[in-house]
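If you read the sequence shown in my numbering, its first letter stands for residue 1037, the second for the next number, and so on.
All C-beta atoms, glycine included, are put in the ideal place defined by N, C-alpha and C.
These numbers come from a predicted model, not from an experiment.
As structure tokens, the structure follows; a few thoughts come after it.
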Amino acid sequence: MNKLSHYYLEFIKILATIVILFALFGTINDVIIQLISGTSFPDASMFQGKSYLLLLFIAQFIGFAIITLVLYVNIISTIGFGLKKERRKFPKSWVNKLLTIALILIFAFYIVLLFS
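As structure tokens, then:
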């Protein structure tokens, strides 16, 4: 029974992490988009006739998801609820590669938006 409650607490920690980080990323993203284009979301007119912008916007949130995953596995999973298990972290080379991919996905949208 103790393990079951631990898994519920871990699940709530994962959900809270995702909600907080995506709210933070979304707010920062909205401000940057507003500075670049002068419009704010939810303004779908910015995507009309430019389906590549929508694909890059989706890729950007995949980049945010990668950053969230790296933060959770390497930092947030070690904080919290008992069971004193040693948690495995991503190796530094993986972290560097994942963060590079995530930043490319995030900044590609801004660069294309800036020049379109």
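- Between the region 1055-1072 and the region 1120-1138, the count of C-beta pairs closer than 8 Å stays below three; the two stretches do not touch.
- Proximity to L1051 across S1113, A1144 and L1135 peaks at S1113, based on C-alpha coordinates.
- Burial check for T1136: the Cβ neighbour count within 10 Å stays below 16, so the residue is exposed.
- Shown here for I1098: same chain residues with a beta carbon closer than 7 Å to its own, the five before and five after excluded, namely L1141 in chain order.
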